[in-house]
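Protein chains: 4
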Amino acid sequence: MSPLKEEQLQIIRDERREQILEVALKLFARRGLIGTKLSMIAQETRISQGLLYHYFKSKDELFITLIEKAIQKLKEEVNHIYQLPGTPLEKLRNVARLNEEGMPYYMLIHQVRTSDGVPEQAKELIQQYSMETYVIDQLEPLFIEGQKIGELAPGDPRKLITCYFTVLSALMTLNIQEDDAYQMPEADLLLRIVTGRP
Amino acid sequence: MSPLKEEQLQIIRDERREQILEVALKLFARRGLIGTKLSMIAQETRISQGLLYHYFKSKDELFITLIEKAIQKLKEEVNHIYQLPGTPLEKLRNVARLNEEGMPYYMLIHQVRTSDGVPEQAKELIQQYSMETYVIDQLEPLFIEGQKIGELAPGDPRKLITCYFTVLSALMTLNIQEDDAYQMPEADLLLRIVTGRP
Amino acid sequence: MSPLKEEQLQIIRDERREQILEVALKLFARRGLIGTKLSMIAQETRISQGLLYHYFKSKDELFITLIEKAIQKLKEEVNHIYQLPGTPLEKLRNVARLNEEGMPYYMLIHQVRTSDGVPEQAKELIQQYSMETYVIDQLEPLFIEGQKIGELAPGDPRKLITCYFTVLSALMTLNIQEDDAYQMPEADLLLRIVTGRP
Amino acid sequence: MSPLKEEQLQIIRDERREQILEVALKLFARRGLIGTKLSMIAQETRISQGLLYHYFKSKDELFITLIEKAIQKLKEEVNHIYQLPGTPLEKLRNVARLNEEGMPYYMLIHQVRTSDGVPEQAKELIQQYSMETYVIDQLEPLFIEGQKIGELAPGDPRKLITCYFTVLSALMTLNIQEDDAYQMPEADLLLRIVTGRP
DNA sequence: TATGAATGAGGGTTCATTCAT
DNA sequence: CATGAATGAACCCTCATTCAT
């Protein structure tokens, strides 16, 4: 009866959905929520505008879905740090090599934090994901260990974490491109913030 | 009619223009070019929408005017560093106490750099104001002196400047608010980037 | 394949068609032609939207089919009056107990008569089914007989019929619901129109 | 300063507003809320679509405004009955000559009562204006007087009122046109409902 | 100068209809 | 026969800009 395998259909659906999310992420990151027309997303995904509404109930919902993914992504990244090889400092050095993949997500979150005119739900999601309660709690043991073995500068570890990751987030948000006036700083210079040594 | 009146009118005109620019700066910074409606600017300036067009030919022109002011402002700020009291390090410490006044300008520039959908002319202006050719050139002597007297870490001074000011710009752009997940880092932690000491 | 199967299929087909018509009638009556989405009809019939097009060429055709059924229904109802038991007045009293089943059809016809934006063909059908030429002609003998035996008030019987059935149709169209501001009047009060007696 | 008399402006505004309401009433009555496009209203009022939004925040608001007017109108009409000349029966006879002006309002109310897809607020307004609590209360004294002087049939006056006005409302809603299958009944025939006499 | 009405292009969204499977 | 993805036209609505006063 079923004219197409239920399963196949679902796979196609999911792929298409991911395509849309990918395109939308890129565009929202660069142009903002209002600045991104659905026609752009549709065109770049090679689908009709109407079809977007088979996958997302509205532009806002599409945006919010991306915010949820962004938060998920950031959490995973923080958790991932522990699985990196080496001493605490070496782990942090790897984090400092800012990955290009995560950048659009940072920009999205930045928009939610700084712009009016984004869906209220997006703002609430961002507020729930507080750096305070998540990132800092997660990384405190790592910093304490780094201080114990003398790799990291002494002082309140929570303050150190906050400073370091605020700077990293900010740099992500700057979205530095090649041939740009700004230059993405070398990791070793940034690490001075936490090591207190050249 | 009378020359006196003309003059007064001109003064009122200029004041009004400044008012508009002030309001627009605040709104553009928070909501972006597209997200800011002329009706908002008019309302907050307590003038009619139509009157805006006596002062600026278009929304884009208003935006571009602000970009020009932003660049002017940043140049002045860099120049101002030399007039601060104290050793090079002390001067830089003062810069690190990020001034709230300049923040909206940073956000405007950030928008131009990272967003599509802003007037082409704005992009050109920003590209002309290259950190490379202006900020770095201006501050190189200061950093070299700081290295000479041992206050600053050794190494390529231009790289140091770039890193330090990129981080400052990025933090400005984050537009950290009270009761925010992020916390504006203490100046001393940021200065470690250039001193290499705790 | 086998003739038996073909036959069964045809039966299923016809049943399905009736289901669709039933659902559509209910929805069109309450929401109007434009206010009823094909997706609603499909959902309530438990079939896909696409399948609707195997049974009806378009939304308009579906609507027109219902109008044809409505007219058929009303004709049958008028014919049915003669088969009711009792004197002419008793027959009319039974008609006045307005049957709920026919109400959606009345509402459909009302829509065609009063709304623009319905298919032209529907309007033509309704105009052909003129109360004048059908209902009145059919019921004239009944009224004349009623007048003869003194049950009905004297006067032009055609005028009486027109008045009485216009009122009934109008009440049908009002689609009075329970707990409504309006109350469906008692049959005896309405019958005063034709009897001229309390 | 004021470039145009505040007062004049207001007058023009009000006139335009009335124009729009008039056109919208006519169209909504015949085509329903959904069936009436703003472009139709704009075109018939000879203004641009955009200008509609200077006068009404949305299509729904326009519709609701008309519902409010409709209720107001109906109340006035009921109150007006007492000021008509003559005996109670003569007053009612005048009411029975259904005025064409009020018809679109009846149709609007009918739509709200019978259609889904109209603004919730409109439904609430209609429910508040209950015939029960308003029309009947208002007219009860008139009917009682009519019964006292033998003009009206005996029996529960509230039931009589309900029946009579339900029939009148229903006939209004039928929106009988010239050269229509239906014919608006003569007043005297309808009055039999309340008089019980030919 | 100053206002607010007026316009119209273009946005997000809906939905009847078609099509590939 | 049956599905649900896919399309595109047309809707409501917004807003930068112009215009009459």
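Protein chains in written order, with the UniProt record's numbering: chain A, 1 to 198; chain B, 1 to 198; chain C, 1 to 198; chain D, 1 to 198. We treat Cβ as the ideally placed atom computed from N, Cα and C, and that holds for glycine.
Run through DSSP, which three-state label would residue i get?
i: Val-118 (chain C); result: coil
i: Tyr-55 (chain A); result: helix
i: Leu-84 (chain B); result: coil
i: Gly-32 (chain D); result: helix
i: Glu-61 (chain C); result: helix
i: Ala-42 (chain D); result: helix
i: Pro-141 (chain D); result: helix
i: Pro-104 (chain A); result: helix
i: Tyr-182 (chain A); result: coil
i: residue 203 (chain A); result: Chain A is shown only over 1 to 198; residue 203 (chain A) falls outside these bounds and no answer can be derived.
i: Ile-109 (chain A); result: helix
i: Lys-26 (chain C); result: helix
i: Met-136 (chain D); result: A small fix is needed here, since residue 136 (chain D) is Ile in this sequence, not Met. Looking at Ile-136 (chain D) - three-state DSSP - the assignment turns out to be helix.
i: Lys-75 (chain C); result: helix
i: Lys-5 (chain A); result: coil
i: Gln-177 (chain D); result: coil
i: residue 285 (chain B); result: A question about residue 285 (chain B) goes unanswered here, because the residues of chain B that appear run from 1 up to 198.
i: Lys-91 (chain B); result: helix
i: Lys-123 (chain D); result: helix
i: Lys-37 (chain A); result: coil
i: Gln-10 (chain D); result: helix
Which first and last residues belong to the alpha helix (DSSP H) in which residue i is found?
i: Ile-149 (chain D); result: Unbroken run through Ile-149 (chain D): none, as it is neither H nor E.
i: Val-194 (chain D); result: 187 to 195
i: Lys-159 (chain A); result: 157 to 174
Apart from the five residues on each side of it in sequence, which residues of its chain come closer than 8 Å, Cβ to Cβ, to residue i?
i: Ala-153 (chain A); result: Gln-147, Leu-160, Val-194, Thr-195, Gly-196, Arg-197
i: Pro-3 (chain D); result: With a pLDDT of 47 at Pro-3 (chain D), under the threshold of 50, the predicted position of this residue should be treated as unreliable, and no value is reported.
i: Glu-7 (chain A); result: none
i: Tyr-182 (chain C); result: Leu-174, Ile-176
i: Tyr-164 (chain C); result: Leu-92, Leu-190, Ile-193, Val-194
Who are the near neighbours of residue i in its chain, counting only those whose CB is closer than 7 Å to its CB and skipping five residues on each side?
i: Val-112 (chain A); result: Ile-67, Val-118, Ala-122, Lys-123, Ile-126
i: residue 201 (chain C); result: No answer is possible for residue 201 (chain C): the residues shown for chain C start at 1 and end at 198.
i: Met-40 (chain B); result: Leu-27
i: Arg-17 (chain B); result: Tyr-55
i: Gln-49 (chain A); result: Leu-38, Ser-39, Ala-42
i: Leu-162 (chain A); result: For the record, residue 162 (chain A) in the displayed sequence is Thr; it is not Leu. The residues are Ile-136.
Assuming residue i and residue j make a contact with CB atoms under 8 Å, what is their CB distance in whole Å?
i: Leu-191 (chain A); j: Arg-93 (chain A); result: 6 Å
i: Tyr-105 (chain C); j: Lys-75 (chain C); result: The pair is not a contact, with the Cβ atoms about 11 Å apart (cut-off 8 Å).
i: Gly-35 (chain D); j: Ile-34 (chain C); result: 5 Å
i: Pro-185 (chain B); j: Val-167 (chain A); result: 7 Å
i: Lys-91 (chain C); j: Ile-81 (chain C); result: 5 Å
i: Ala-170 (chain B); j: Leu-38 (chain A); result: With 8 Å as the limit, Ala-170 (chain B) and Leu-38 (chain A) do not qualify as a contact, their Cβ atoms being about 31 Å apart.
i: Arg-31 (chain C); j: Ser-115 (chain D); result: 6 Å
Considering only residues of the same chain and omitting the five flanking positions on each side of residue i, which have a CB-CB separation below 6 Å?
i: Gln-138 (chain B); result: Val-78
i: Tyr-129 (chain A); result: Ile-71
i: Asp-60 (chain B); result: Pro-119
i: Arg-158 (chain C); result: Ile-136
i: Phe-63 (chain A); result: Leu-33
i: Leu-9 (chain B); result: none
Is residue i close to the ligand SAM? I mean its beta-carbon at under 6 Å from any heavy atom of the ligand.
i: Phe-28 (chain B); result: No copy of the ligand SAM occurs in the structure displayed, which carries no ligand at all.
Three or more C-beta pairs below 8 Å linking the stretch 79 to 96 of chain A and the stretch 138 to 147 of chain A: Judged by Cβ distances under 8 Å, the stretch 79 to 96 of chain A makes contact with the stretch 138 to 147 of chain A, as three or more pairs qualify.
Sufficient close CB pairs (3 or more, under 8 Å) joining the stretch 14 to 23 of chain B to the stretch 49 to 64 of chain B: Yes, the stretch 14 to 23 of chain B touches the stretch 49 to 64 of chain B.
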